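First the structure, in the form of structure tokens, and then the observations on it.
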Amino acid sequence: MFKKIILSTAFLAVSINSAFAITINNFSDWGIQSDFSAASGIDSIVEDYTGGSSGYLNPGYGGQSYDAEAMYATWDSSYLYVGVFTGRAQDAGGWTAGDIALDFGSDGTYEYGLVTSSAVGSNTDADGIGIAGEFYSVTTGDTGWNWGIWSEPGVDVPLNSQGTIDYNHPTSVRSGTLKGTDSNFLYSSMSGYSNSGVDDHYFISAAIDLSWINAADLGKDDLTIHWAANCNNDFIMLDTSTSVPEPSSLLLMSAGFLGLFGSLISRRKRKVS
Numbered sequence: 022m023f024k025k026i027i028l029s030t031a032f033l034a035v036s037i038n039s040a041f042a043i044t045i046n047n048f049s050d051w052g053i054q055s056d057f058s059a060a061s062g063i064d065s066i067v068e069d070y071t072g073g074s075s076g077y078l079n080p081g082y083g084g085q086s087y088d089a090e091a092m093y094a095t096w097d098s099s100y101l102y103v104g105v106f107t108g109r110a111q112d113a114g115g116w117t118a119g120d121i122a123l124d125f126g127s128d129g130t131y132e133y134g135l136v137t138s139s140a141v142g143s144n145t146d147a148d149g150i151g152i153a154g155e156f157y158s159v160t161t162g163d164t165g166w167n168w169g170i171w172s173e174p175g176v177d178v179p180l181n182s183q184g185t186i187d188y189n190h191p192t193s194v195r196s197g198t199l200k201g202t203d204s205n206f207l208y209s210s211m212s213g214y215s216n217s218g219v220d221d222h223y224f225i226s227a228a229i230d231l232s233w234i235n236a237a238d239l240g241k242d243d244l245t246i247h248w249a250a251n252c253n254n255d256f257i258m259l260d261t262s263t264s265v266p267e268p269s270s271l272l273l274m275s276a277g278f279l280g281l282f283g284s285l286i287s288r289r290k291r292k293v294s
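Under my numbering, the sequence shown has 174 at position 153, and the numbering climbs by one with no breaks.
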């Protein structure tokens with residue numbers, strides 16, 4: 022009986038750590054279906070435009086080519102995984118693909134950005150810094166991000182127009198400090214997700230190392246994830262939480278179990294002697 026308890030405890034300690042050993046480094050790991058629904062345990066939002074190759078999105082226009090279709094997020098003890106479906110190609114001309122923005126605390130301050138495209142479009146001022154896969158701590162204030170060209174739905178203004186631009190929707194990192202590079206970053210062309218005969222889709226997948234994020238930010242309860250093309254013709258936002266045990270917490274739990282049963286071993290030895 023005593024041996025069984027020890028073995029069960031060891032198994033439990035291993036299970037605690039392995040339960041958080043999610044790995045998402047390709048599209049199939051997300052378990053996404055043709056209707057954009059994802060596997061259980063993954064937070065998601067779907068806002069697929071079905072009006073064809075052109076038309077009004079929100080706040081701008083452009084149809085499928087600029088559509089922000091769906092977003093996904095999940096965690097383990099080491100990474101935040103983010104996925105985005107869009108109709109915008111990574112190397113599109115004109116307005117290029119925007120960056121993934123993270124707002125810890127969901128207070129409208131986007132502290133971090135992951136670059137999704139190294140392409141240079143015809144609107145170069147909107148392209149932002151960095152190369153695809155780089156993760157930045159973004160400069161605070163209005164100059165840390167580019168903000169697109171819309172002040173409100175249907176009303177366009179010059180890029181980053183001070184005082185009139187909509188500061189709720191960052192598009193690309195304008196200035197910041199490089200924290201690391203996601204070696205598993207993907208921006209892939211997809212098919213089989215047809216809407217109204219238009220089947221041009223792309224999937225962005227990122228694994229963001231939690232060591233790149235300040236502990237104070239990880240300690241906040243809420244997180245908003247945002248993506249848009251660099252014009253902000255369309256955007257998508259996902260509200261999730263940061264309720265993921267830190268690696269140190271898992272180690273403490275394991276150590277606690279080992280300490281508990283170490284005490285039992287000691288008691289057993291004293292009884293035998």
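Every residue gets a Cβ at the ideal spot worked out from N, C-alpha and C, and that includes glycine. The structure presented is a predicted model; accordingly, all values stated were derived computationally and were not measured.
Here valine 141 is exposed. Its C-beta has fewer than 16 other C-beta atoms within 10 Å. Only residues of its own chain outside the window of five on either side were considered, and among them Gly104, Leu207 have a CB closer than 6 angstroms to the CB of serine 226, listed in chain order. Judged by beta-carbon spacing, glycine 149 lies beyond the 8 angstroms limit of aspartate 128, meaning their Cβ atoms are not closer than that value. Distances from the alpha-carbon of threonine 164 to those of Phe156, Pro191, Val136 put Pro191 closest.
Annotation for aspartate 203: Gly154, Ala227, Ala228 place their beta carbon closer than 6 angstroms to its own, counting only its chain and skipping 5 residues before and after. In the DSSP assignment, alanine 249 falls within the unbroken beta strand (DSSP E) covering 243 to 249. Taking all protein chains shown into account, valine 176 has fewer than 16 neighbouring C-beta atoms within 10 Å of its C-beta and is therefore exposed.
Considered as a whole, the segment 88 to 173 harbours 89 to 96, 100 to 107, 121 to 125, 133 to 135, 155 to 159, 171 to 173 as its complete beta strand (DSSP E) runs of no fewer than 3 residues, in chain order.
The DSSP-derived three-state label of phenylalanine 57 is coil. In the structure shown, serine 204 adopts coil according to DSSP, grouped into three states.
CA-CA distance, serine 210 to phenylalanine 224, rounds to 7 angstroms.
Assigned with DSSP and collapsed to three states, aspartate 50 falls in helix. Pairing glycine 114 with tyrosine 87 gives a Cβ-Cβ distance that is not under 8 angstroms. With fewer than 16 other Cβ atoms from the protein chains shown falling within 10 Å of its own Cβ, threonine 161 counts as exposed. Around the beta carbon of asparagine 235, fewer than 16 other beta carbons sit within 10 angstroms, so the residue counts as exposed.
With contacts defined as CB atoms closer than 8 angstroms, serine 158 and glycine 197 qualify as a contacting pair. Under DSSP, the beta-bridge partners assigned to histidine 222 are Met211. At a Cβ-Cβ threshold of 8 angstroms, tyrosine 102 and alanine 94 count as neighbours. A Cβ-Cβ separation of about 4 angstroms places methionine 92 in contact with leucine 259 under the 8 angstroms criterion.
Among the bridge pairs identified by DSSP, threonine 198 is matched with Ser158. Between aspartate 124 and threonine 261 a beta carbon distance of about 11 angstroms is seen, past the 8 angstroms cut, so the two are scored as non-contacting.
A Cβ-Cβ contact shorter than 8 angstroms links phenylalanine 106 with histidine 222. Between tryptophan 116 and asparagine 251 the beta-carbon gap is near 5 angstroms, inside 8 angstroms, which marks them as a contact.
In the DSSP assignment, threonine 261 is bridged to Leu244. In the three-state DSSP reduction, serine 182 falls in the coil class, being neither helix nor strand. If you compare the alpha carbons of Ala118, Val178, Asp146, Phe156 with that of serine 138, the shortest gap goes to Ala118.
Isoleucine 152 has its alpha-carbon roughly 12 angstroms from the corresponding atom of glutamine 111. Here the alpha carbons of phenylalanine 256 and alanine 249 stand approximately 4 angstroms from one another.
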